[in-house]
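Engineer: Order-wise, the sequence lines are chains Z and F.
Reading the first sequence from the start, the letters are residues 1141 to 1659 in my numbering.
Reading the second sequence from the start, the letters are residues 43 to 215 in my numbering.
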Amino acid sequence: MDGIWHNLGIGFIEVFKLQPVTMWGMTLQHVPFNIIMCLIGVFLGTLIGVLPGIGPVATIAMLLPVTFSLSPIAALIMLAGIYYGAQYGGSTTAILVNIPGESSSVVTCLDGYQMARQGRAGPALATAALGSFFAGCVSTLVVAMFAPPLAEVALKFGPAEYFSLMVLGLVSAVVLAHGSLIKAIAMVILGLLLGLVGTDVNSGVLRFAFGISELADGIGFVTVAMGMFGICEIIANLEQKEQREVFTKSVGRLMPTKEDFRRMIAPVLRGTALGSALGILPGGGALLASFGAYTLEKKISKYSHEFGKGAIEGVAAPESANNAGAQTSFIPLLTLGIPSNAVMALMIGAMMIQGIAPGPQVMTERPQLFWGMIASMWVGNLMLVILNLPLIGIWIKLLTVPYRILYPSILLFMAIGVFSISNQPFDCFLMACFGLLGYVCAKLGCEPAPLILGFILGPLMEENLRRAMLLSRGDPWVFISPSKPISMGFLIAAIALLVIIALPTLRAKREEAFAAEDT
Amino acid sequence: MGMKIKSQQDFWAGLMFIAFGLFFVVFSVGTPEFLDNLLGTRLIHGYQMGSAVRMGPAYFPVMLGGLLAVLGAIVLVDSLVEEGPAIAAFHFRPLIFIAISSLAFAYLLKPLGLVVASVALVFISAYGGHEFKWKEVAIVSAVLVVGSVLVFVKGLLLPFPVCPDFINNCPIR
């Protein structure tokens, strides 16, 4: 335990470090630059969280090229802030407009909006923010406690273990995706294949480039993410007529009553615990956490008859859980270098832009970066409570901005971001193509998230497969041989997951669960 | 006897996966020999397969592409057996205008500069929405142009031209 405090100390020193900064040709000495980036991150996160129609994936993808000019720590602090900041902002829209500002606040709509209709929007917002804050603090500690031992284990991994781990990660991502299992697996494989486009590192052969020189370095990850999420989201939003009913005047007093506080304690604790656990799972994260927490709370709460009619538990539990899940989903990223969801895949992209190979060595080789990022989450959560409670009025104003003004702006920022990757029009062309692919996939009931995960893991998987096969002299059993118990364990777990989920009874349960989420 | 498609979504998804799978397989191994003989030329060259010990560039894509095609076939067969949802209607207006606007931006940026490219993007994309109000769009594009020049060109120093190519003394650079 002492070690953690010492390490968190290193992190806080890094976060609060004063450094010289040059901007607009002026150089300022002693600027707390990392804190400023954290503030910008959580501010942007809240902003896009509040705005329906743009999520953290598109935003982070948009800002990736920009982070090139930042230091690694500043870049990662800012991008992380966007993700957990979005969890705070999303609840505001859910409560006031009955539209999830963020996909992870879908379930908050159910009871949060009902509370707003009863004139209790203020307490609902406060509950969401305070629950999120508590969960954020606890889950930061969870990250600090669990990451080091996991990284220690991961350091011993060879190519076979890594390959099997990625298989497990992809399988769990598939299991947790909506809809058909086979289609989700197919999307993962399509992603893996698209990830292979470009120069093959082993042989130097240009694969699937068709003489297009811009494809020599492969398809940019940002391009795919912006197309499949950003462009696709805009088109999908334009399909529907805009209608919003905002409870702006009736927010009233923010402070929950004593009775509210008494009722929210247990759900917040349970939500935090469940969210932290679900966030660590590959394929997990904020979305799964909030949904799981709501279902759990509905089952065991003694106020379960009030659920859907404005129960404060129905706001407290999922909002704590989604923030906890958002933060603990950094654990697999920081320790194994494996993304558990699309946002984490983008974080890997950000690390690679900065020349950092994600993996267990980050903690030992760059302790300032590692612990600085964890410490920044604490600071960021504190900022978020201030941003979201006293300043709630700003965000409510923002909700009255019509979408027809917002989407051209979003599109412009995306286009600028994509263009700046290589300063060539081709990337924007590709972005439009992936937007089209994403749109078609959505119409055919195929989720884009598994494709993105596969895309980022494609080259890594091939590399590790090749190395493992070379080391074993072509023996495919190396992945499940008793001499590699960890690899065997991962693969058995992956197969078990697939078998379990394919069983008819559970399959029905899973469909039922997702159906409940859709309503 | 005509087979009845019970799930439109799955039917087309299956076809899409099969197409993608075969695409990657064919481009990895090249066109089959009989086809080359028939055409008298090697149509697609393909890459080296290698062995399990030393995998060539074609090995992994062929494995995956094959798997994708098989999964696609399963989805396809399933669509003839199990009932599923129909495909929701395509909305071509936003789709086309959003795509064109980002292409216009990309291909106008180098010759005509950030100002013209941004205005083009905003106007074309706004036209893809439900309502198009000239004045409003003009104001939005003006604000966005000023903002993006300040933030991206001045602040983040992205190497974008601001003015068109043919103007020699651009006031902003």
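Note that the Cβ used here is the ideal one computed from N, Cα and C, for glycine as well.
Quick caveat: nothing in here was measured; it's all calculated off a predicted structure.
Kindly list, in the order they appear in chain Z, the residues whose Cβ is closer than 9 Å to that of Pro201/F.
Structural biologist: Near Pro201/F (Cβ distances below 9 Å), the residues of chain Z are Ser1560, Asn1563.
Engineer: Which residues, taken in chain order from the segment 1565 to 1589 of chain Z, show a beta carbon closer than 7 Å to some beta carbon of chain F?
Structural biologist: For the segment 1565 to 1589 of chain Z, which is checked against every Cβ of chain F, the residues closer than 7 Å are Pro1565, Cys1568, Phe1569, Met1571, Ala1572, Gly1575, Leu1576, Tyr1579, Lys1583, Leu1584, Gly1585, Cys1586.
Engineer: At least one CB of chain Z closer than 9 Å to the CB of Arg84/F: is that the case?
Structural biologist: Not closer than 9 Å to any Cβ of chain Z, the Cβ of Arg84/F fails to qualify, so no.
Engineer: Straight-line CA distance for Trp176/F to Lys1439/Z?
Structural biologist: Going by the C-alpha atoms only, they are around 53 Å apart.
Engineer: To the nearest angstrom, how far is it from the Cα of Leu1321/Z to the Cα of Leu113/F?
Structural biologist: Rounded to the nearest angstrom, the two C-alpha atoms are 11 Å apart.
Engineer: In the structure shown, what three-state DSSP assignment does Leu1210/Z receive?
Structural biologist: Three-state result, Leu1210/Z: coil.
Engineer: Excluding the 5 residues flanking Met43/F on each side, which residues of the same chain have their C-beta closer than 6 Å to its C-beta?
Structural biologist: The pLDDT assigned to Met43/F is 42, lower than 50, so where the model puts this residue is not dependable, and the model offers no usable value.
Engineer: Can you grab the Cα-Cα spacing for the pair Ile1405/Z / Ala1572/Z, in whole Å?
Structural biologist: In a straight line, the C-alpha of Ile1405/Z is about 47 Å away from that of Ala1572/Z.
Engineer: Buried or exposed: which applies to Ile1640/Z, given that a residue is buried once 16 or more other Cβ atoms fall within 10 Å of its Cβ?
Structural biologist: Classification of Ile1640/Z: exposed, given that the 10 Å Cβ count is below 16.
Engineer: Mind listing which residues of the segment 136 to 155 of chain F have their C-beta closer than 8 Å to chain Z's C-betas, in chain order?
Structural biologist: Going along the segment 136 to 155 of chain F in chain order, one finds Pro136, Leu137, Ile140, Ala141, Ser143, Ser144, Leu145, Phe147, Ala148, Tyr149, Leu151, Lys152 with a Cβ nearer than 8 Å to chain Z.
Engineer: Suppose you measure from the CA of Ile1200/Z to the CA of Asn1463/Z; what does that come to, to the nearest Å?
Structural biologist: Roughly 17 Å separates the two Cα atoms.
Engineer: Kindly indicate which residue of Ile1561/Z, Phe1559/Z, Ile1514/Z has the alpha-carbon position closest to the one of Ile1471/Z.
Structural biologist: Closest option to Ile1471/Z, Cα to Cα, is Ile1514/Z.
Engineer: When you compare only the Cα positions, how much space is there between Leu1539/Z and Val187/F?
Structural biologist: For Leu1539/Z and Val187/F, the distance between alpha carbons rounds to 23 Å.
Engineer: Whose C-beta lies closer than 6 Å to the C-beta of Ile129/F among residues of the same chain, with five residues either side of it excluded?
Structural biologist: Excluding residues within five positions, the ones whose Cβ falls inside 6 Å are Gln50, Gln51.
Engineer: Are there 16 or more other CB atoms within 10 angstroms of the CB of Val1541/Z, so buried, or fewer, so exposed?
Structural biologist: Answer is exposed; the Cβ neighbour count stays below 16.
Engineer: Label Ser1623/Z either buried or exposed according to how many other C-beta atoms from any shown protein chain fall within 10 Å of its C-beta, with 16 as the threshold for buried.
Structural biologist: It is exposed - the Cβ of Ser1623/Z has fewer than 16 other Cβ atoms within 10 Å.
Engineer: Where does Met1395/Z sit, in a helix, a strand or coil, going by DSSP?
Structural biologist: Of the three classes helix, strand and coil, the one that applies to Met1395/Z here is coil, per DSSP.
Engineer: Let me make sure I understand the geometry here. Which of Trp1511/Z, Gly1411/Z, Thr1267/Z, Ser1627/Z has the alpha-carbon closest to that of Phe1286/Z?
Structural biologist: Comparing Cα positions, the closest option is Trp1511/Z.
Engineer: For a cutoff of 9 Å on Cβ pairs, would you count Gly1614/Z as touching chain F?
Structural biologist: Taking Cβ atoms only, chain F reaches closer than 9 Å to Gly1614/Z, which makes this a yes.
Engineer: Using a 10 Å radius around the Cβ and a threshold of 16 neighbouring Cβ atoms, would you call Asn1563/Z buried or exposed?
Structural biologist: Asn1563/Z should be labelled exposed.
Engineer: Would you list the one or two residues that DSSP bridges to Val1161/Z?
Structural biologist: Bridge partners of Val1161/Z: Leu1168/Z.
Engineer: Taking the C-alpha atoms as reference points, what is the distance between Leu1378/Z and Cys1568/Z?
Structural biologist: Approximately 20 Å, taken between the alpha carbons.
Engineer: With a threshold of 6 Å on Cβ separation, who are the neighbours of Ala1451/Z within its own chain once the five nearest residues in sequence on each side are excluded?
Structural biologist: Excluding sequence neighbours, Ala1451/Z sits near Asp1251, Tyr1443.
Engineer: Which whole-angstrom value describes the C-beta separation of Ser183/F and Phe165/F, a residue pair presumed to lie in contact below a C-beta threshold of 8 Å?
Structural biologist: That belief holds up - the Cβ atoms of Ser183/F and Phe165/F are roughly 7 Å apart, short of 8 Å.
Engineer: Where does Arg1347/Z fall in DSSP's three states?
Structural biologist: Reduced to three states, the DSSP call for Arg1347/Z is strand.
Engineer: Return the chain-ordered ranges of every alpha helix (DSSP H) run that is complete within the segment 69 to 101 of chain F and spans a minimum of 4 residues.
Structural biologist: Counting whole runs of 4 or more residues, the segment 69 to 101 of chain F contains the alpha helix (DSSP H) stretches 75 to 81.
Engineer: Just checking my contact of Thr1267/Z with Ala1456/Z at CB under 8 Å: how many whole Å lie between their CB atoms?
Structural biologist: Right, their Cβ atoms sit about 5 Å apart.
Engineer: Quick check on DSSP: helix, strand or coil for Gly1338/Z?
Structural biologist: In this structure, Gly1338/Z counts as strand in the three-state DSSP scheme.
Engineer: Please decide whether Ile1635/Z counts as near chain F, where near means a Cβ-Cβ distance under 9 Å.
Structural biologist: Closer than 9 Å: no.
Engineer: Of all Cβ atoms in chain F, is any one closer than 9 Å to the Cβ of Lys1624/Z?
Structural biologist: It does not; no Cβ of chain F falls within 9 Å.
Engineer: Do Asn1342/Z and Met97/F count as a contact pair if the criterion is CB distance below 9 Å?
Structural biologist: Cβ distance < 9 Å, so Met97/F and Asn1342/Z count as in contact.
Engineer: Report yes or no: do the segment 1611 to 1623 of chain Z and the segment 114 to 126 of chain F share at least 3 C-beta pairs separated by less than 8 Å?
Structural biologist: With a cut-off of 8 Å, the segment 114 to 126 of chain F and the segment 1611 to 1623 of chain Z do not count as touching, because too few Cβ pairs lie within range.
Engineer: Grouping DSSP H, G and I as helix and E and B as strand, with all else coil, what is Ile1153/Z?
Structural biologist: Of the three classes helix, strand and coil, the one that applies to Ile1153/Z here is helix, per DSSP.
Engineer: Between the segment 1291 to 1307 of chain Z and the segment 1545 to 1558 of chain Z, can you find at least three pairs of beta-carbon atoms closer than 8 Å?
Structural biologist: No, the segment 1545 to 1558 of chain Z is not in contact with the segment 1291 to 1307 of chain Z.
Engineer: Exposed or buried, what is Ala1356/Z when buried is set at 16 or more other beta-carbons lying within 10 Å of its beta-carbon?
Structural biologist: Classification of Ala1356/Z: exposed, given that the 10 Å Cβ count is below 16.
Engineer: Determine the DSSP secondary structure at Ala1287/Z, reduced to helix, strand or coil.
Structural biologist: Helix.
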